[in-house]
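> In full-length UniProt numbering, the protein residues as written are 1 to 306. Built from N, CA and C at the ideal position, the CB exists for glycine as well.
If you want it as structure tokens, here you go:
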């Protein structure tokens, strides 16, 4: 008796990878890693190249900007932008990971009241010294801190300066407080909860976390995984990542020079004398660079056709 063998899918039936350029502002759900989210978006659009602008923990939800194709060249502009979070602190215990994923290492019966919390928040705003969580993506001699911590090694991370612009208590009930934060690159919300708990003498860890803004991207821009393949408007233009950087229009000849990595002289009373700008030709993004004494020096050049 001959068994029927499953038919292999011909190579020609597989979706071909294509050049997709732009941004997907994904509203990542709880439980999904950032790497998996990128893979899902990349597969959904059959895109050749993709990456994200800022890791979001699996237990966190919210804004995960995903760059496709030529947009990956603008990732640093998004990474350097301000970020906003809404997070819930569970008081009374501290964990190995500073969130609910880790093991409880210390507990206390003391709980703070709202007035105490609000009185302590200013101590954690401005430029502050912060020790990142042991379970973080920071590299120590080439190894990720979370890999070392999972292997049982003692991880000693050095404090670093971070910028926290705002911390606001928006709700408090029992052993839970909901706090909003606006902060800069490299700030760990889990560390804020840990340090605030220690300062109050009641310990704390993050019980829920949602990122509501990354650079120029907000929840208003966000789409779900299901929207990615079905809604053409989900793909945003590459230049949306450049935020408030001014733009200038250049001629085709100038665009050709910029795309070859050559600088151009800007003329006319509207031309900026200095600073960062991006250049377009017939509405198409050509390059991002710095203007020095009326000369535009390109630092990133884009191949968007046209």
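Under three-state DSSP, which class holds residue 228?
Taking the chain shown and counting its residues from 1, one reaches residue 228 at position 228. Residue 228 falls in the helix class under three-state DSSP.
> Specify the secondary structure class of residue 20 as computed by DSSP and reduced to three states.
The residue given as residue 20 occupies position 20 in the chain shown. Residue 20 falls in the coil class under three-state DSSP.
> Hey, how far is the Cα of residue 304 from the Cα of residue 96?
Start at 1 with the first residue of the chain shown, and residue 304 comes out as number 304. Start at 1 with the first residue of the chain shown, and residue 96 comes out as number 96. In this structure, the straight-line span from the alpha carbon of residue 304 to that of residue 96 is close to 46 Å.
> Hey, out of 45, 299, 35, whose CA is closest to residue 261's CA?
In the chain shown, residue 261 corresponds to position 261, counting from 1. When each option's Cα is compared against that of residue 261, the closest is 299.
> Please decide whether residue 33 counts as near chain B, where near means a Cβ-Cβ distance under 9 Å.
Absent from the structure: chain B. Only one protein chain is present.
> Quick one: which unbroken alpha helix (DSSP H) runs of 4-plus residues sit fully inside the region 211-297? Chain order, please.
225-230, 252-259
> At a cut-off of 8 Å, would you count residue 288 as near the ligand MG, judging by its Cβ distance to the nearest heavy atom?
Absence of the ligand MG from the depicted structure is noted, as is the absence of any ligand whatsoever, leaving it without description.
> Spatial neighbours of residue 45 within its chain, please: CB distance less than 6 Å, with the 5 preceding and 5 following residues excluded, ordered by chain position.
On the chain shown, residue 45 is found 45 positions in, with the first residue counted as 1. Result list for residue 45: 20, in chain order.
> Compute the distance between the beta-carbons of residue 68 and residue 37, then report whether it is under 9 Å.
Taking the first residue of the chain shown as position 1, residue 68 is located at position 68. Taking the first residue of the chain shown as position 1, residue 37 is located at position 37. Here residue 68 is not near residue 37, since their CB atoms are 9 Å or more apart.
> Check whether the Cβ atoms of residue 297 and residue 193 sit closer than 9 Å, and answer yes or no.
Start at 1 with the first residue of the chain shown, and residue 297 comes out as number 297. Start at 1 with the first residue of the chain shown, and residue 193 comes out as number 193. In this structure, residue 193 does not lie closer than 9 Å to residue 297 by Cβ.
> With a threshold of 16 other CB atoms inside 10 Å of the CB of residue 106, please say whether the residue is buried or exposed.
If you number the chain shown from 1, residue 106 lands on position 106. When all chains shown are included, residue 106 counts as exposed.
> Measure the CB-CB distance between residue 62 and residue 236 and report whether it falls below 9 Å.
By one-based count along the chain shown, residue 62 stands at place 62. By one-based count along the chain shown, residue 236 stands at place 236. Cβ distance not < 9 Å, so residue 62 and residue 236 don't count as in contact.
> Just to confirm, is the Cβ distance from residue 205 to residue 100 under 9 Å?
For the purposes of this step, residue 205 is taken as residue 205 along the chain shown, with counting starting at 1. For the purposes of this step, residue 100 is taken as residue 100 along the chain shown, with counting starting at 1. Result yes, Cβ atoms of residue 205 and residue 100 sit closer than 9 Å.
> Just the Cα atoms here: how many angstroms apart are residue 80 and residue 165?
For this step, residue 80 is matched to residue 80 along the chain shown. For this step, residue 165 is matched to residue 165 along the chain shown. Going from the Cα of residue 80 to the Cα of residue 165 covers about 14 Å.
> Quick one, are the C-beta atoms of residue 160 and residue 201 less than 9 Å apart?
One-based indexing of the chain shown puts residue 160 at position 160. One-based indexing of the chain shown puts residue 201 at position 201. Cβ distance not < 9 Å, so residue 160 and residue 201 don't count as in contact.
> Does the distance from the CB of residue 93 to the CB of residue 75 come in under 9 Å?
To locate residue 93, count along the chain shown from 1; it is residue 93. To locate residue 75, count along the chain shown from 1; it is residue 75. Going by C-beta atoms, residue 93 is not nearer than 9 Å to residue 75.
> Taking the alpha-carbon positions, what's the residue 286 to residue 215 distance?
The sequence position of residue 286 within the chain shown is 286, counting from 1. The sequence position of residue 215 within the chain shown is 215, counting from 1. Whole-angstrom Cα-Cα distance: 22 Å.
> Can you have a look at residue 130 and say buried or exposed, based on whether 16 or more other CB atoms are within 10 angstroms of its CB?
Reading the chain shown from its first residue, position 130 is the one you call residue 130. With 16 or more Cβ atoms within 10 Å of its Cβ, residue 130 is classed as buried.
> Does residue 197 come out as helix, strand or coil in the three-state DSSP assignment?
Looking up residue 197 in the chain shown gives position 197. Correct three-state label for residue 197: helix.
> If the criterion is Cβ atoms closer than 9 Å, does the pair residue 191 and residue 85 meet it?
Position 191 of the chain shown, counted from the first residue, corresponds to residue 191. Position 85 of the chain shown, counted from the first residue, corresponds to residue 85. Not closer than 9 Å, so no.
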